[in-house]
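Following: one structure in structure tokens, then a few remarks.
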Amino acid sequence: MSSADFTTFNGIDGKRLEEILEGISKIKVALIGDICLDVYWRADMTKSELSRETPHFPLPVVEERMSPGGGGNAVANIAALKPAKTHVLSVAGNDWRGKALIQEFINRGIDTRGIIISDKIVTNAYCKPMRKGISDLEYEDPRIDFANYDVLPPEEEERLLASLEEVAGKIDVLCVSDQLAYGCITQRIREKIIELGRQGLTVVADSRDRIAMYTDVILKPNEVEGCRAVYGGNAPKGAAFEELLAAARLLSQRNNSRVCMTLGPKGCIYVDKKKAAYVPSYAVQAPIDTCGAGDTFLAAFSCALAAGAEGFEAASFANMAADVTIKKVGMTGTAAPEEIRARYCEIRNNNGLI
Numbered sequence: 002m003s004s005a006d007f008t009t010f011n012g013i014d015g016k017r018l019e020e021i022l023e024g025i026s027k028i029k030v031a032l033i034g035d036i037c038l039d040v041y042w043r044a045d046m047t048k049s050e051l052s053r054e055t056p057h058f059p060l061p062v063v064e065e066r067m068s069p070g071g072g073g074n075a076v077a078n079i080a081a082l083k084p085a086k087t088h089v090l091s092v093a094g095n096d097w098r099g100k101a102l103i104q105e106f107i108n109r110g111i112d113t114r115g116i117i118i119s120d121k122i123v124t125n126a127y128c129k130p131m132r133k134g135i136s137d138l139e140y141e142d143p144r145i146d147f148a149n150y151d152v153l154p155p156e157e158e159e160r161l162l163a164s165l166e167e168v169a170g171k172i173d174v175l176c177v178s179d180q181l182a183y184g185c186i187t188q189r190i191r192e193k194i195i196e197l198g199r200q201g202l203t204v205v206a207d208s209r210d211r212i213a214m215y216t217d218v219i220l221k222p223n224e225v226e227g228c229r230a231v232y233g234g235n236a237p238k239g240a241a242f243e244e245l246l247a248a249a250r251l252l253s254q255r256n257n258s259r260v261c262m263t264l265g266p267k268g269c270i271y272v273d274k275k276k277a278a279y280v281p282s283y284a285v286q287a288p289i290d291t292c293g294a295g296d297t298f299l300a301a302f303s304c305a306l307a308a309g310a311e312g313f314e315a316a317s318f319a320n321m322a323a324d325v326t327i328k329k330v331g332m333t334g335t336a337a338p339e340e341i342r343a344r345y346c347e348i349r350n351n352n353g354l355i
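Per this note's numbering, the sequence shown starts with residue 2, numbered consecutively.
So, in structure tokens, the structure goes:
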């Protein structure tokens with residue numbers, strides 16, 4: 002691929018945006034991967050009284066909020082785009098967190114029949130106690146985590162494989178969220194995902210540490226993950242754009258895969274066998290919170306591809322969706338079609354580019 006095969010794509014226009022949104026309304030989407038429950042407990046310390054039994058002041062929780070996290074946040078973002086059908090495939094524990102997480106999915110209209118319930122694992126959860134006193138300042142206590150520290154049991158692996166095989170023929174795109182050290186994406190399941198990609202299913206994989214293990218599917222690393230996949234422990238820090246572009250191209254060649262490497266506030270790089278494109282993002286006014294932005298990008302990029310968008314068009318669409326969610330401070334938010342339309346109008350008015 003020569004330098005002549007590189008271009009900058011400033012973004013889709015309004016007509017194309019509407020075509021993509023219309024296309025998304027007709028597709029069926031599934032995500033397989035590591036889901037978790039995010040829990041927020043807000044304690045009002047003005048209501049706390051010294052315990053009679055211990056020398057401690059308890060945390061009087063006055064508000065509890067839960068939302069899907071990890072791959073679950075990506076699923077929530079898929080559903081927010083209003084496709085015809087959204088499936089989630091994963092493994093959850095037979096515990097209160099699993100029940101709460103499944104209910105969160107059901108509330109969003111997501112098909113949860115692909116979630117395997119197991120007595121042998123726990124549902125991954127991240128619980129964040131927040132203290133507030135007389136002032137308006139809020140302090141976060143150490144997070145309480147529920148996690149698995151052993152590999153997925155063979156029986157659960159078999160059941161998840163069966164769920165994947167059943168759903169694969171019914172969907173237009175499969176998203177993969179392979180994030181946890183002891184998550185549900187085992188080597189056998191990863192091999193099945195790759196096989197589906199080779200058979201022609203559109204598969205988009207996102208993995209913090211194992212993106213290099215995926216071939217013949219579409220890869221969505223961020224710049225750190227992409228460089229690490231190519232350079233190993235020698236991933237350049239503060240890499241120049243040319244180094245990032247080279248890493249994306251090399252990853253695409255090595256893994257026989259299209260690559261969309263996200264660059265945080267700078268946008269992303271899209272590479273396929275014929276061309277490479279830089280797709281910029283546009284400034285978002287503070288305050289912002291980037292937590293979950295990668296999940297939003299994965300969801301929007303995958304759905305746009307399945308709706309018929311070219312890779313660079315899907316990247317532009319996903320940039321705008323991520324812009325929406327980073328404005329939702331203190332929560333892992335989603336981007337609805339009307340919010341993406343509003344972001345498009347904001348970019349057009351402020352930059353005059355698209």
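Note that CB positions come from ideal geometry on N, CA and C, so glycine has one too.
Local conformation of residue i per DSSP, three classes
| i | result |
| --- | --- |
| Thr-8 | strand |
| Cys-304 | helix |
| Asn-223 | strand |
| Tyr-271 | strand |
| Met-321 | helix |
| Pro-288 | coil |
| Gly-73 | helix |
| Ser-49 | coil |
| Pro-338 | helix |
| Glu-54 | coil |
| Glu-311 | coil |
| Val-63 | strand |
Span of the alpha helix (DSSP H), counted from its first residue to its last, around residue i
| i | result |
| --- | --- |
| Ile-122 | From DSSP, Ile-122 is part of no alpha helix (DSSP H); its letter is neither H nor E. |
| Thr-216 | Neither: Thr-216 is in no alpha helix (DSSP H) and is coded neither H nor E. |
| Ile-145 | Premise fails: Ile-145 lies in the beta strand (DSSP E), 145–147, not in any alpha helix (DSSP H). |
| Leu-264 | Run containing Leu-264: none; DSSP gives neither H nor E here. |
| Glu-192 | 188–199 |
| Ser-253 | 242–256 |
Presumed contact (8 Å Cβ cut-off) between residue i and residue j, rounded CB distance
| i | j | result |
| --- | --- | --- |
| Asp-296 | Gly-184 | Asp-296 to Gly-184, Cβ: 15 Å. No contact. |
| Gly-73 | Tyr-127 | Not quite, the Cβ-Cβ distance comes to about 11 Å (not below 8 Å), so this is no contact. |
| Ala-169 | Leu-197 | 5 Å |
| Leu-252 | Ala-277 | With 8 Å as the limit, Leu-252 and Ala-277 do not qualify as a contact, their Cβ atoms being about 12 Å apart. |
| Ala-44 | Lys-129 | Not quite, the Cβ-Cβ distance comes to about 11 Å (not below 8 Å), so this is no contact. |
| Ile-117 | Val-92 | 5 Å |
| Ser-178 | Ala-85 | 21 Å between Cβ atoms; not a contact. |
| Lys-121 | Glu-157 | 7 Å |
| Val-76 | Gly-115 | With 8 Å as the limit, Val-76 and Gly-115 do not qualify as a contact, their Cβ atoms being about 11 Å apart. |
| Ala-241 | Cys-228 | That belief does not hold up - the Cβ atoms of Ala-241 and Cys-228 are roughly 11 Å apart, past 8 Å. |
| Gly-268 | Tyr-279 | 7 Å |
| Phe-147 | Arg-209 | Actually they are not in contact, since the Cβ atoms of Phe-147 and Arg-209 sit about 19 Å apart, beyond 8 Å. |
For residue i, the residue or residues it bridges with in DSSP
| i | result |
| --- | --- |
| Trp-97 | Looking at the DSSP assignment, Trp-97 forms no beta bridge with any residue, so it has no partner. |
| Met-131 | Arg-43, Glu-141 |
| Leu-32 | Val-89, Cys-176 |
| Ser-26 | Paired residues: none, contrary to the question. |
| Asp-112 | His-88 |
| Arg-17 | According to DSSP, Arg-17 bridges with nothing at all. |
Same chain only: Cβ atoms within 7 Å of residue i, ignoring 5 sequence neighbours per side
| i | result |
| --- | --- |
| Ala-101 | Leu-38, Met-67 |
| Val-325 | Ala-336, Glu-340, Ile-341, Arg-344 |
| Thr-291 | Ile-327 |
| Ala-284 | none |
| Arg-17 | Glu-314 |
| Thr-216 | Ile-195, Asn-256, Asn-257, Ser-258 |
| Gly-24 | Ala-308, Gly-309 |
| Pro-107 | For the record, residue 107 in the displayed sequence is Ile; it is not Pro. Closer than 7 Å at Cβ, skipping near neighbours: Thr-113. |
| Asn-352 | Tyr-283 |
Boundaries of the beta strand (DSSP E) in which residue i is found, first to last residue
| i | result |
| --- | --- |
| Ala-44 | 36–45 |
| Val-168 | Counting along the chain, Val-168 falls outside any beta strand (DSSP E), though it belongs to the alpha helix (DSSP H) covering 155–169. |
| Ala-277 | 277–281 |
| Val-204 | 203–208 |
6 Å Cβ shell around residue i - same chain, five flanking residues per side excluded
| i | result |
| --- | --- |
| Ala-319 | Phe-298, Ala-301, Phe-302 |
| Lys-274 | none |
| Asn-264 | Contrary to the premise, residue 264 reads as Leu rather than Asn in this sequence. Contacts found: Glu-224. |
| Pro-288 | Val-330 |
| Lys-221 | Val-205, Asp-207, Cys-261, Leu-299 |
| Asp-142 | Pro-130 |
| Ile-212 | Leu-220, Pro-222, Glu-226, Ala-230 |
| Ile-145 | Cys-128 |
| Ile-21 | Ala-305, Ala-308, Ala-310, Phe-318 |
Residue i at chain B interface by Cβ criterion, 8 Å
| i | result |
| --- | --- |
| Ile-341 | In the displayed structure, chain B is absent; only one protein chain is listed. |
Neighbourhood of residue i by C-beta, 8 Å cutoff - its chain only, sequence neighbours within 5 removed
| i | result |
| --- | --- |
| Thr-203 | Asp-173, Val-174, Leu-175, Ile-219, Ser-303, Leu-306, Ala-307 |
| Ser-52 | Phe-58, Pro-59 |
| Ile-190 | Ile-33, Glu-158, Leu-161, Leu-162, Leu-165 |
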